[in-house]
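Here's the structure we're looking at; comments come further down.
Protein chains: 2
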Amino acid sequence: MSLAFVALLAACQTAPVETPVADSPIEVPQAETVAAATDPIPGQQWLYGSAEASVVMRQTWASIAGYVEAKAASAPTQGVVLTPDSSPRAPSFLACEGKALAAVFDADETLIWNLGSMGYFASEGIAFAPAIWDNWEKTGAGKAVAIPGALAGLDRIRAAGVTVIVNTNRSAENAVGTEDTLRAAGIGDFSHESTLFLRGDAPDGSGKDGRRAMISENYCVIALVGDQLGDVADPFNDKALSVAERRAMTEAPAVASLWGNGWFVLPNPVYGPSIRGGFDDVFPPATQWAPTPPADVAPIN
Amino acid sequence: MSLAFVALLAACQTAPVETPVADSPIEVPQAETVAAATDPIPGQQWLYGSAEASVVMRQTWASIAGYVEAKAASAPTQGVVLTPDSSPRAPSFLACEGKALAAVFDADETLIWNLGSMGYFASEGIAFAPAIWDNWEKTGAGKAVAIPGALAGLDRIRAAGVTVIVNTNRSAENAVGTEDTLRAAGIGDFSHESTLFLRGDAPDGSGKDGRRAMISENYCVIALVGDQLGDVADPFNDKALSVAERRAMTEAPAVASLWGNGWFVLPNPVYGPSIRGGFDDVFPPATQWAPTPPADVAPIN
Numbered sequence: 002m003s004l005a006f007v008a009l010l011a012a013c014q015t016a017p018v019e020t021p022v023a024d025s026p027i028e029v030p031q032a033e034t035v036a037a038a039t040d041p042i043p044g045q046q047w048l049y050g051s052a053e054a055s056v057v058m059r060q061t062w063a064s065i066a067g068y069v070e071a072k073a074a075s076a077p078t079q080g081v082v083l084t085p086d087s088s089p090r091a092p093s094f095l096a097c098e099g100k101a102l103a104a105v106f107d108a109d110e111t112l113i114w115n116l117g118s119m120g121y122f123a124s125e126g127i128a129f130a131p132a133i134w135d136n137w138e139k140t141g142a143g144k145a146v147a148i149p150g151a152l153a154g155l156d157r158i159r160a161a162g163v164t165v166i167v168n169t170n171r172s173a174e175n176a177v178g179t180e181d182t183l184r185a186a187g188i189g190d191f192s193h194e195s196t197l198f199l200r201g202d203a204p205d206g207s208g209k210d211g212r213r214a215m216i217s218e219n220y221c222v223i224a225l226v227g228d229q230l231g232d233v234a235d236p237f238n239d240k241a242l243s244v245a246e247r248r249a250m251t252e253a254p255a256v257a258s259l260w261g262n263g264w265f266v267l268p269n270p271v272y273g274p275s276i277r278g279g280f281d282d283v284f285p286p287a288t289q290w291a292p293t294p295p296a297d298v299a300p301i302n
Numbered sequence: 002m003s004l005a006f007v008a009l010l011a012a013c014q015t016a017p018v019e020t021p022v023a024d025s026p027i028e029v030p031q032a033e034t035v036a037a038a039t040d041p042i043p044g045q046q047w048l049y050g051s052a053e054a055s056v057v058m059r060q061t062w063a064s065i066a067g068y069v070e071a072k073a074a075s076a077p078t079q080g081v082v083l084t085p086d087s088s089p090r091a092p093s094f095l096a097c098e099g100k101a102l103a104a105v106f107d108a109d110e111t112l113i114w115n116l117g118s119m120g121y122f123a124s125e126g127i128a129f130a131p132a133i134w135d136n137w138e139k140t141g142a143g144k145a146v147a148i149p150g151a152l153a154g155l156d157r158i159r160a161a162g163v164t165v166i167v168n169t170n171r172s173a174e175n176a177v178g179t180e181d182t183l184r185a186a187g188i189g190d191f192s193h194e195s196t197l198f199l200r201g202d203a204p205d206g207s208g209k210d211g212r213r214a215m216i217s218e219n220y221c222v223i224a225l226v227g228d229q230l231g232d233v234a235d236p237f238n239d240k241a242l243s244v245a246e247r248r249a250m251t252e253a254p255a256v257a258s259l260w261g262n263g264w265f266v267l268p269n270p271v272y273g274p275s276i277r278g279g280f281d282d283v284f285p286p287a288t289q290w291a292p293t294p295p296a297d298v299a300p301i302n
């Protein structure tokens with residue numbers, strides 16, 4: 002196999018569009034090309050095209066709305082945002098203190114599917130390019146769509162008297178473009194630093210804990226929803242965590258029961274900190290297997 | 002770009018492990034190699050490795066268990082299996098007629114993750130090979146694991162007095178291997194043609210409606226759960242449906258409210274009938290976008 006073959010294969014095996022932020026805790030490559038493709042990759046076909054993903058999204062959104070309705074009706078005294086001095090391994094949560102209730106959502110691949118930019122990247126064979134993403138934040142209104150189930154879910158959440166707030170790593174400099182994009186997708190009218198929080202609003206860069214603290218000054222947050230764990234708490238995105246350690250952190254007894262009960266994740270197999278790991282991370286050695294007897298199935302190549 | 006490059010790229014862009022059945026309504030390729038990979042593909046990294054997927058699975062399983070508990074307590078008179086003369090567009094459902102309650106699950110990527118065979122295929126650069134899969138059905142016990150959340154969910158379902166039944170397209174000839182695999186993963190003790198239904202048990206091949214009818218002779222099925230729509234009703238897998246038509250069929254008013262309420266889908270962005278579609282199917286023309294002004298972002302290649 003030629004070196005060029007190896008390079009191309011490596012590219013197509015590792016061509017997720019990375020988390021679209023400039024100073025993410027996760028590595029963000031510069032413009033990286035993988036040659037024009039004949040079809041979207043399997044993860045894109047599943048997420049943006051399949052009936053199965055559409056159903057999964059509607060199921061999950063209905064479950065989020067049901068949770069928020071029940072919680073709002075229960076006069077909660079405590080929210081689901083970690084206190085600044087706690088962590089997922091030893092959590093404590095901010096008190097409601099009589100504040101208005103809110104549910105906080107990531108935007109990209111949580112409220113909206115970025116079909117315009119994702120389709121452009123995919124058809125041009127670009128893994129990710131920060132300048133193009135920046136342009137997308139400014140000009141993408143009308144080319145992103147609401148995720149299936151999101152509009153019905155948001156209607157129920159608002160009808161329950163809960164304010165919908167967006168906390169996204171889109172840039173504060175592009176606030177108008179993001180407000181336009183959310184409005185055009187039917188998500189609603191959002192206002193920067195009131196119901197829309199962006200990268201740059203707090204000093205912790207693409208970390209979201211700073212913005213969650215800002216939101217919590219005015220609201221009791223009863224639901225945190227995103228496509229990656231950083232939408233719930235920044236310690237989950239600590240770069241020092243291995244794939245297995247990161248998974249284990251979500252299973253810590255003190256937070257395990259929160260998933261689906263205040264903390265929610267929507268599937269995104271296309272980009273972000275979830276797209277990571279070599280063979281031994283993804284297929285642990287204890288599960289390794291090979292067909293027997295080999296003569297039965299060879300030759301396969 | 003050389004022809005070989007194009008061929009390799011096409012292979013890696015379309016390398017889902019296809020639905021592991023010999024006479025699936027969906028195309029099943031013969032052994033097809035894509036060259037050894039340096040990392041699992043993004044969909045595999047997400048599904049089998051990420052904390053996000055683990056959380057999504059636990060959320061969904063908790064929601065399935067909650068639904069089944071509530072439904073079982075409500076003395077239902079009607080199940081969620083379509084009558085033979087109806088369809089998702091004009092559904093009617095089999096009556097309970099006082100039968101014992103059951104929940105019916107697909108096996109692969111619904112109850113268990115096939116880490117052994119999927120890791121072998123991935124590390125060898127094989128998209129799918131029927132002979133190897135057949136060997137896996139016979140010998141894989143101990144190398145497949147319960148999906149996160151499944152064991153806790155099944156405990157709740159059984160405690161609610163609901164029988165757990167498996168309806169999978171694994172071959173009836175390998176019944177013992179599949180019983181062993183489910184037992185070793187902690188899913189439970191299943192018995193062929195009693196609580197385990199396999200391809201070959203009914204005359205409709207990899208269609209599952211025939212087996213759902215057999216199960217319904219003895220049980221009122223209150224939940225159908227899988228990673229693809231054929232786990233709920235075969236008409237969803239009609240080969241004549243376009244990607245958009247298949248999605249639209251899940252949104253038919255008569256069945257739209259069933260998702261998350263009797264019909265459940267778990268995410269599998271790695272293989273199956275959900276992995277399908279060209280650029281225009283996945284990124285509809287109405288959402289097509291390109292950066293402006295081009296000078297701002299060029300050159301990217």
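Protein sequence lines correspond, in order, to chains G and H.
The first sequence runs 2 to 302 under our numbering.
The second sequence runs 2 to 302 under our numbering.
By construction, the Cβ of each residue, glycine as well, lies at the ideal position given by its N, Cα and C atoms.
Kindly list the residues whose CB is nearer than 7 Å to the CB of residue i, restricted to its own chain and excluding five residues on each side of it in sequence; keep chain order.
| i | result |
| --- | --- |
| D205/H | G211 |
| R247/H | F237 |
| P92/H | L83, A255 and V256 |
| E138/G | R171, S172, N175, G178 and T179 |
| M58/H | I148, P149, G150 and L267 |
Can you find a heavy atom of the ligand MG that lies under 8 Å from the Cβ of residue i?
| i | result |
| --- | --- |
| G126/G | Looking for the ligand MG in the displayed structure turns up nothing, as the structure carries no ligands at all. |
Could you pull out every residue in the same chain whose Cβ sits closer than 6 Å to the Cβ of residue i, ignoring the five residues on either side in sequence?
| i | result |
| --- | --- |
| D202/H | A173 and R212 |
| W62/G | G150, A151 and G154 |
| T78/H | C97 |
| V163/H | V69, A73, L102 and A104 |
| C221/H | G80, C97, K100 and L102 |
Within 10 angstroms of its Cβ, does residue i collect 16 or more other Cβ (buried), or is it exposed?
| i | result |
| --- | --- |
| D86/G | exposed |
| N269/H | buried |
| K209/H | buried |
| T293/H | exposed |
| R277/H | buried |
| G80/G | buried |
| S217/H | buried |
| V35/H | Because V35/H carries a pLDDT of 48, less than 50, the predicted location of this residue cannot be relied on, and no value is offered for it. |
| R200/G | buried |
| G1/G | Residue 1/G is absent from the model: chain G starts at 2 and stops at 302. |
| G261/G | buried |
| E110/H | buried |
Look up residue i in the DSSP assignment and say whether it is helix, strand or coil.
| i | result |
| --- | --- |
| Q60/G | helix |
| V304/H | Because chain H spans 2 through 302 in this model, residue 304/H falls outside it and cannot be assessed. |
| F280/G | helix |
| I42/H | coil |
| N115/G | coil |
| G273/G | coil |
| A161/H | coil |
| P26/H | Confidence at P26/H is low in this model, with a pLDDT of 32, below 50, so its placement is unreliable and the value that follows should be read with caution. P26/H: coil per DSSP, three-state reduction. |
| D107/G | coil |
| L155/G | helix |
| G141/H | coil |
| T169/G | strand |
| A91/H | strand |
| A66/G | helix |
| D86/H | coil |
| L48/H | helix |
| P294/H | coil |
| A245/H | helix |
| L235/G | Note that residue 235/G corresponds to Asp in the displayed sequence, not to Leu. In the structure shown, D235/G sits in a helix (DSSP, three-state: H, G or I). |
Kindly identify the DSSP beta-bridge partner or partners of residue i.
| i | result |
| --- | --- |
| F122/G | DSSP lists no partner for F122/G. |
| L102/G | C221/G |
| W264/G | L225/G and W260/G |
| V146/H | W114/H |
| Q79/H | A96/H |
So, at 8 Å on beta carbons, what are the nonlocal neighbours of residue i in its own chain, with the 5 sequence-adjacent residues on each side left out?
| i | result |
| --- | --- |
| D235/G | P26, D205, G208, K209 and D210 |
| G141/G | N115, G117, S118, G178 and T182 |
| Q45/G | M119, A123 and V271 |
| E53/G | W47 |
In chain order, which continuous runs of the alpha helix (DSSP H) of length 4 or greater are located wholly inside the segment 171 to 230 of chain H?
176 to 185 and 210 to 217
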